[in-house]
Amino acid sequence: MSAIFQFAVRYVLPIVQKVFPHWTQRLLINLVIKKERHARPHPFSLWTGASAGKPKEGGTSKTASLLSADDPASRLTAKSKFTPSVYVSWTGLVNRRYTGRHLPPVEGSYIDSLPAKEEVFQRLLLRKEGQFVPSDNTSALFCFFAQWFTDSFLRTNPLDRRQNTSNHEIDYCQIYGLDGWTTHRLRERRLGRMLLENNMLPRLTTPNGDVREQFHEIGYIRAKRAIANNQIPGAGLRDALGLSLGETLEPGGARWTHMYATGLERGNSTILYTAISTMCVREHNYVAGRLATMHPEWDDDRLFETARLIMIRNVLQIVVEDYINHIAGIARFKLERHFGEHERWYRTNRISLEFNLLYRWHSLVPDHFAVGGQSYDHKGYRFNNGLLERHGVEQCINAASIQPAGRVQLHNTPYFLEKAELATLDMSRTFALRPFVEYCERFGERPPASMMELVGGDAKAAAELTELYGTVERVELPVGLIAQARDKSRPDAVLPPLVTTMVAVDAFTHILTNPLLADQVYEAAFSGGLATLADGGGGIAGLMARNASSGITVKPSFALR
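Just so you know, the sequence shown maps onto residues 63 to 623 in my numbering.
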């Protein structure tokens with residue numbers, strides 16, 4: 063990036079944005095999106111013919127067991143040597159239950175020649191004890207928000223990893239769930255409100271650990287019960303969460319009895335995940351209350367559905383104006399909704415495997431989380447809502463805003479995420495993702511010519527990569543994404559260059575094609591003065607401030623403060 067271009071971006075662009083805001087936004091967004099050579103639909107997906115079977119089951123940090131036991135996916139034969147489809151099929155094009163992909167599979171000989179996954183983790187990815195590398199500018203809140211955000215749409219089906227359980231939209235399913243049954247059970251059924259108990263999410267279980275009857279039909283309780291062939295509601299979920307944590311969750315134990323009823327099965331995974339969801343449910347009820355005052359003649363369903371639309375519109379704004387802008391660093395994007403329908407990239411959303419895997423930012427995760435003068439290790443801040451209740455939602459959010467996330471780089475993944483990291487490499491290899499350099503070309507980046515160029519001159523890292531992969535052309539995508547050096551013009555960038563580009567391309571083409579943002583839909587949904595309420599969210603800071611407990615100031619920040 064030349065000095066002249068840097069000057070233009072930093073000093074000229076803000077002036078142009080003020081004078082021509084809409085034109086500038088459209089230009090910037092199109093420049094980002096069009097870095098990928100071809101827009102959706104992509105020819106290939108993870109679909110394979112019946113004779114190819116399905117891959118063997120494998121763990122993934124984006125797992126959701128939401129298929130019923132009689133789903134056809136559960137009856138296909140799992141192949142130990144699975145071969146992805148290399149041809150275009152109608153089912154693969156239109157059935158979004160099969161995850162998409164940006165590039166076709168690579169030759170099997172390349173995959174067979176890659177180093178062992180365990181060796182890659184130990185020699186390139188693992189954070190050694192006491193060697194946490196903090197980010198200079200990114201807070202732990204950003205880390206936890208990223209997990210909360212992506213869990214809603216990056217959802218691999220563990221019964222058949224070719225498939226997903228995603229709605230393919232940013233739709234607040236973290237609080238509303240993925241299906242109507244779940245939504246119904248999480249509603250108060252009065253004045254459009256969601257369930258809260260003492261201003262917190264409702265408890266999932268009774269004090270002795272039985273799932274409360276009203277929550278038996280929540281999607282993940284229903285599905286886990288069928289898949290595990292266990293007639294005790296919640297037993298399958300409890301076992302799965304215990305496996306993730308590395309210990310047994312006893313039915314009457316404090317961790318299990320403090321679980322909340324949430325939209326998704328991973329809704330209790332960290333205290334910050336739960337804190338964010340709690341604030342969002344409070345916000346839903348705040349919006350529903352405003353609507354009830356404006357329209358006392360509306361029934362519960364209309365109040366609820368309109369509040370839900372406003373919530374979805376506002377989370378889209380948060381993702382663009384808080385989350386993406388923190389990643390972008392220089393350009394300041396706005397939720398610009400008036401032009402997407404006229405662009406060639408305006409197509410039906412479909413989650414891709416590459417988008418799923420590039421989001422495995424395990425380096426962001428801290429070893430410890432400090433709040434209220436105490437420091438907790440990963441078992442302390444994971445699946446432990448008792449800790450959240452002890453310190454309070456607001457204090458946990460404030461604490462996360464002043465603690466650094468990890469820096470996304472080699473040698474910075476915590477040991478307790480080894481299984482998740484190995485699952486990432488396994489998914490990449492099972493479905494034969496092409497090497498890192500080919501994705502550079504796909505997304506308009508110049509591929510590195512050598513290992514030294516890939517890692518920005520770090521001789522030690524270049525030697526480690528060379529020993530495992532030989533040449534830069536053979537580095538696999540998940541490793542290359544985090545090994546890549548920052549651009550010299552942005553040494554403090556949150557993410558390496560190709561990750562930043564790929565995130566931006568997929569994020570904007572998923573956000574701006576949300577059906578709610580289409581002109582005729584938006585106007586119909588928010589007519590009669592509702593647009594002012596819909597457009598007045600104020601980002602994540604506004605949401606948190608409106609819903610903080612009385613007398614407590616909350617200052618959320620993705621930038622480390």
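Glycine included, each C-beta is placed from N, C-alpha and C at the ideal position.
With fewer than 16 neighbouring CB atoms inside 10 Å of its own CB, N157 falls in the exposed class. Around the CB of D554, fewer than 16 other CB atoms lie within 10 Å, so the residue is classed as exposed. In the structure shown, P540 falls within a helical segment according to DSSP collapsed to helix, strand and coil. Scanning R412, H388, E398 and R469 for the CA closest to the CA of P428 turns up R469.
Here S107 carries a strand assignment [DSSP, helix/strand/coil]. A467 carries a strand assignment under DSSP once its states are collapsed to helix, strand and coil.
The beta carbon of K617 is closer than 7 angstroms to those of N460 and S463 in its chain, skipping five residues each way along the sequence. In the three-state DSSP reduction, R224 falls in the coil class, being neither helix nor strand. Counting only the Cα atoms, K190 lies some 7 angstroms from H473. Residue environment analysis places R364 among the exposed positions, since fewer than 16 neighbouring C-beta atoms fall within 10 angstroms of its C-beta.
For P264, no alpha helix (DSSP H) run applies, since DSSP gives it neither H nor E. For Y160, DSSP records a beta bridge to Q225. Between R185 and E483, the C-beta spacing is not below 8 angstroms. Secondary structure in the stretch 337 to 421: the alpha helix (DSSP H) runs of 4 residues or longer, each lying completely within the stretch, are 362 to 380, 387 to 390 and 415 to 420 in chain order. By the C-beta criterion, the stretch 561 to 580 is judged to be in contact with the stretch 384 to 403, since at least 3 inter-stretch pairs fall below 8 angstroms. The continuous beta strand (DSSP E) containing N199 extends over residues P196 to S201. For H572, the enclosing alpha helix (DSSP H) starts and ends at P559 to I573. Burial check for G254: the Cβ neighbour count within 10 Å reaches 16 or more, so the residue is buried.
Secondary structure of A432 (DSSP, three-state): strand. DSSP, reduced to helix, strand and coil, places S171 within a helical segment of the structure shown.
Between the alpha carbons of C502 and T594 lies a distance of about 42 angstroms. Contact between N226 and R159 holds, with the beta-carbon distance rounding to 7 angstroms and staying under 8 angstroms. Counting along the chain, F498 sits inside the alpha helix (DSSP H) bounded by residues F498 to R504. Around the beta carbon of F82, fewer than 16 other beta carbons lie within 10 angstroms, which makes this residue exposed.
For Y238, the enclosing alpha helix (DSSP H) covers residues C235 to Y238.
Judged by beta-carbon spacing, I95 lies beyond the 8 angstroms limit of V381, meaning their Cβ atoms are not closer than that value. At a Cβ-Cβ threshold of 8 angstroms, N260 and I333 do not count as neighbours. According to DSSP, T332 shares a beta bridge with R444.
Nearest Cα to Q209 within the set T563, S425 and V455: S425.
Counting every other CB atom within 10 Å of its CB across the protein chains shown gives K118 a total below 16, marking it as exposed. According to DSSP, M256 shares a beta bridge with R249. In this structure, DSSP gives T319 a helical state, which the three-state scheme calls helix.
Y477 counts as exposed, since fewer than 16 other beta carbons sit within 10 angstroms of its beta carbon. For D213, no alpha helix (DSSP H) run applies, since DSSP gives it neither H nor E. Listed in chain order, the non-local C-beta contacts of E416 below 6 angstroms within the same chain comprise H164, local neighbours out to five positions each way being set aside. Exclusion of the five residues before and after A607 leaves V616 as the residues of its chain whose Cβ lies within less than 7 angstroms of its Cβ.
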